[in-house]
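Below: the structure, in structure tokens.
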Amino acid sequence: MSLPEAFVERLEKIVPREQFEAIISTFDAPKQVTFRVNTLKSTPNELEAELEAAKIPYERVVWDTEFMEGVYRIAPEDKLRLTSSDAFYGGRLYIQNLASMIAPWILAPKPEETVLDLAAAPGGKTLMLAGMMENTGWLSAVELSRERFFRLRDNLSSQGVTNAHTYMTDGRSVGKKCPEMFDRILLDAPCSSEARFKTHEPKSMSFWTIHKVKETSKLQRRLLLSAFDALKPGGKLLYCTCSFSPEENESPLQHLLERHGEHLTTIPLTLPFNNIQKPLQRWGKEVFDERIQNGVRILPTDTIDGFFLCLLEKKG
Ligand code: SAM
24 MSLPEAFVER LEKIVPREQF EAIISTFDAP KQVTFRVNTL KSTPNELEAE
74 LEAAKIPYER VVWDTEFMEG VYRIAPEDKL RLTSSDAFYG GRLYIQNLAS
124 MIAPWILAPK PEETVLDLAA APGGKTLMLA GMMENTGWLS AVELSRERFF
174 RLRDNLSSQG VTNAHTYMTD GRSVGKKCPE MFDRILLDAP CSSEARFKTH
224 EPKSMSFWTI HKVKETSKLQ RRLLLSAFDA LKPGGKLLYC TCSFSPEENE
274 SPLQHLLERH GEHLTTIPLT LPFNNIQKPL QRWGKEVFDE RIQNGVRILP
324 TDTIDGFFLC LLEKKG
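Quick note: this note's numbering has the sequence shown finishing at residue 339, numbered continuously throughout.
See below:
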């Protein structure tokens, strides 16, 4: 199945022209499988020894010295061996796209902090936040969908998370219920998942329409305002999506800045790879606040999915 025509036309206007063809080809290609050690149950050395004993060929993902240890990739054909391994069943590793690991790494929660994951299921990022907090402090994980909520709970328990408190509720109401309560907030917003489109999985893109993108944008705006209300002065909020659409990325941030711009700043993000792009300065008639330029759009390759991230700080 081919990509939706309107999506391709829009993508061409979003990403750098010279990279467009390479980006389009990533939707056809099988992705390498990446995973990370679950630091609540193992260490990089212990996991590597387990993988070697199980004869699973892996490669370390090495970015730079300060950037995440214990991240690995294997060829797609070895995935079954990995998912049949004791380390997988014992929750000592977690299969996750690299783009998804970057969000918790940027938010950088510390032990003993109060942290909120406002759209949490199935919980890949919540698990990593708990690992970085060393299972201390207070980690609230919110999820609206009942089915996904129970998947989140199962994931947290099988991976040894003990500092998380889970809530099946609408993230849009959290800011009013818990004003200025959290040191760090992750809003990995529900989105049209454009960066997850795969031409060999028609279901991945069958629900996409421009109308859906615009509807999702409204939900994202309200979630972002709620997240901002729940953030302590001096606290940090990471907004991210796995979509390319500016309506789902720059626009909700613009909406927040128009309402609370005097109370927040954005923090420049540096990532240890080159397949990135600055946020757009304008889209259609909308001109975006200069501060949004501190965010980043990750452009997809055969190893990493597309992603958008912007880190905000509430003024003290
Ligand atoms: N952070 C998750 C992870 O890494 O595993 C993925 C989150 S996914 C992008 C967005 C989630 O938000 C979905 O599970 C969706 O059901 C949930 N969601 C949608 N609307 C919501 C709302 N109003 N409040 C809270 N969660 C919501």
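Backbone N, C-alpha and C fix where the C-beta goes; we use that ideal spot for every residue, glycine too.
Assign residue i to one of three DSSP states: helix, strand, or coil.
i	result
K338	coil
T149	helix
A212	coil
I327	coil
E224	strand
P53	coil
K11	Past the boundaries of the shown model lies residue 11; the chain is included only from 24 to 339, so the question cannot be answered.
F58	strand
N158	coil
Over the uninterrupted beta strand (DSSP E) stretch that includes residue i, give me the two end residues.
i	result
I79	Note, I79: premise wrong, no beta strand (DSSP E); not H, not E.
M354	For the chain, the structure presents residues 24 to 339; residue 354 sits outside this window and is missing.
L287	L287 to I290
I97	V94 to I97
V38	Careful: V38 lies outside any beta strand (DSSP E) and carries neither H nor E.
I118	L116 to I118
Does the distance from the C-beta atom of residue i to that of residue j stay below 9 angstroms?
i	j	result
E281	D312	yes
L116	L175	no
G351	A250	This structure cannot speak to residue 351, because the chain is shown only from 24 to 339.
M24	T222	yes
S274	A218	no
V197	A253	yes
D211	D140	yes
S268	S229	no
I208	L261	yes
Within 9 angstroms (strictly less), CB to CB, does residue i reach chain C?
i	result
A153	Checking the listed chains, one finds no chain C in this structure; it contains a single protein chain.
What does DSSP give as the partner residue(s) for residue i in the beta ladder?
i	result
D140	A164 and L209
W306	E309
Q300	R320
L260	I208 and L335
Could you spell out where the alpha helix (DSSP H) holding residue i opens and where it closes?
i	result
P127	L121 to L130
G198	V197 to K200
P275	E273 to H283
L26	Looking at the DSSP string, L26 is not in any alpha helix (DSSP H), and its letter there is neither H nor E.
L105	K102 to T106
S48	F43 to S48
As a quick exercise: from the options, pick the residue whose alpha carbon is nearest that of residue i.
i	options	result
K338	D206, S196, K36 and A131	D206
G147	E336, E100, I125 and T239	I125
M151	E170, N178 and V319	N178
I47	E28, T57, F58 and R59	E28
I321	F296, L335 and K308	F296
G160	F172, V184, E166 and L167	V184
S65	I290, T189, A110 and R305	A110
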